Amino acid sequence: MSAINRGTVFAILALLVLSSTFFFDKNQRGHNFSLTTGVHIWPTKRINNSCHQELSRPNEWSPPTIPVALRSVPQDDPELVKHICEQWLLPPASSGERNLRHPEQEHYSQRDQSQFVDELLKRKTNGFYIESGAANGEQLSNSLFFEKSRNWSGLLVEANPASFRSMLATRRRAYMVNACLSPRTIPATMSFRVANLIGGLTDYMEAAHKSRIDSLMANDTDTIQVQCIPLYSILKAIGVTFVDYFSLDIEGAELDVLYTLPLDKITVDVFSIEYYIPHDDNATNSRLEAIKRHLVEGHGYKIVRIGFGEDVILRKY
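Sequence positions in the sequence shown follow mature numbering (1 follows the signal peptide of the UniProt record, and there is no 0) and run -19 to -1, 1 to 298.
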């Protein structure tokens, strides 16, 4: 083979390698590609695996306290991030079977959210989710399918201490935080209405939702003080900058939490956001319009499903 032909062959091979390394479809955004294994992998610094505490007795868990000096610092403050890393983040279960009441189920979502998102993402594997309002980690979970069937990991956030202890027992393959997501860019202590799956921050509940709790659970509810932590602080502690799916269902504070998230620093591929307020069409429509202004007009998302149950689903294109 002549020197010219050899040079041409080497040039073609080099182009093929570069193409296979840097070309990937929208279904695999946020990943690198391994030429040796032929699969997409997470960047090596994506997860801070040293950032958590071990928990020997889940049934004895109680949330820590944020020091006074860190209660008014911005959400990217290194000392706040370090404190969350060391005191609040509980690690994914590393071994053993999940402890589920209904392990035979495939999907757990209330209104087919996981089925829809799975099709939207073309049955993507090895993704990362956030579920806020995670309850006990199984009942009506929008993320459990992805963990079980698509090998995803993620972050589960639940403010209700009793629900959180139940979630710990499930042995989910996710980081867990027993707090509410802060509707401010600093930590905050707030009143939380404990009401099974429909509890939330009292200052962010519409009157119709409070009335619903009173009518359904008049004798089985309480108000407690909970710690709220900015989501961006938690993600910095874990080391995550790309989220495939964020399920946000916290009974009233969804918009304010969204406003705290710097979407120029954190990429979220798909959102599902609860916007429906029972028995209040005006408040429901107002909340939906605010979501559109923030994510569609402000950040280039498109609504891919709406008017189906209580959630609107959006994707970044």
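Quick reminder that beta carbons are idealized off the backbone N, C-alpha and C, glycines included. Fair warning: this is a prediction, and the values are worked out from it, not measured in the lab.
What are the residues that DSSP puts in a beta bridge with Thr204?
Beta-bridge pairing links Thr204 to Arg174.
Closest to Leu212 by CA distance: which of Phe252, Ser147, Ser163 and Asp203 is it?
For the residues Phe252, Ser147, Ser163 and Asp203, the minimum Cα distance to Leu212 belongs to Ser163.
With C-beta atoms as the reference, is Met148 less than 8 Å away from Leu136?
Contact: no.
Over what stretch of residues does the alpha helix (DSSP H) that includes Met148 continue unbroken?
Element bounds for Met148: Pro142 to Leu149.
Measuring alpha carbon to alpha carbon, tell me which residue in Gly233, Tyr110, Ile205 and Ser214 is nearest Lys191.
The candidate whose alpha carbon is nearest that of Lys191 is Gly233.
Are the beta-carbon atoms of Arg79 and Arg165 separated by less than 8 Å?
Their beta carbons are not under 8 Å apart, which means Arg79 does not touch Arg165 by this criterion.
Give me whichever residues DSSP pairs with Ala169 in a beta bridge.
Ala169 pairs with Cys209.
Going by DSSP in three states, Ser15 sits in which element: helix, strand or coil?
In this prediction, Ser15 has a pLDDT of 31, which is less than 50 and means its spatial position is unreliable; nothing more can be read from the coordinates.
Expressed to the nearest angstrom, what Euclidean distance is found between the alpha-carbon atoms of Val207 and Glu112?
Val207 and Glu112: Cα-Cα distance of roughly 18 Å.
From the DSSP output, read off the bridge partner residues of Ile181.
At residue 181 the sequence reads Gly, which differs from the Ile that was named. Its beta-bridge partners are Arg174.
Per the contact definition of three or more C-beta pairs closer than 8 Å, is the region 94 to 104 in contact with the region 60 to 69?
The region 60 to 69 is not in contact with the region 94 to 104.
Alpha carbon to alpha carbon, how far is Arg193 from Asp262?
In a straight line, the C-alpha of Arg193 is about 15 Å away from that of Asp262.
Quick check: what's the CA-CA separation for Ala140 versus Trp133?
Whole-angstrom Cα-Cα distance: 23 Å.
Taking Leu81 as the reference, give the member of Arg104, Arg154 and Glu67 with the closest Cα.
Minimum Cα distance to Leu81 is reached at Arg154.
Straight-line CA distance for Val293 to Thr241?
When rounded, the distance between both Cα atoms is 19 Å.
From Ile287 to Arg274, what distance separates their C-alpha atoms?
Cα to Cα, Ile287 sits roughly 15 Å from Arg274.
Does DSSP put Tyr298 in a helix, a strand or coil?
Here Tyr298 sits in coil by DSSP.
Give the straight-line distance between the Cα atoms of Leu269 and Trp69, rounded to the nearest whole angstrom.
C-alpha separation (whole angstroms): 32 Å.
Can you tell me the Cα-Cα spacing of Lys129 and Gln91, whole angstroms?
Going from the Cα of Lys129 to the Cα of Gln91 covers about 17 Å.
Leaving aside the five residues before and after Asp184 along the sequence, list all residues of the same chain whose C-beta is less than 7 Å from its C-beta, in chain order.
Excluding sequence neighbours, Asp184 sits near Met171 and Ser172.
With a Cβ-Cβ cutoff of 8 Å, do Ser228 and Gln94 count as a contact?
A contact, by the Cβ cut-off of 8 Å.
Short of 6 Å in beta carbon distance, which residues of its chain neighbour Thr248, apart from the five on each side in sequence? Order them along the chain.
Excluding residues within five positions, the ones whose Cβ falls inside 6 Å are Phe223.
Quick one, which of Tyr256, Ala264 and Asn159 has its alpha-carbon nearest Ala116's?
With distances taken between Cα atoms, Ala116 lies closest to Asn159.
Going by Cα to Cα distance, which pick from Ser253, Ser214, Asp237 and Leu125 is closest to Val54?
Minimum Cα distance to Val54 is reached at Ser214.
If you draw a straight line from the C-alpha of Lys297 to the C-alpha of Gly281, how long is it?
Cα to Cα, the separation comes out at about 6 Å.
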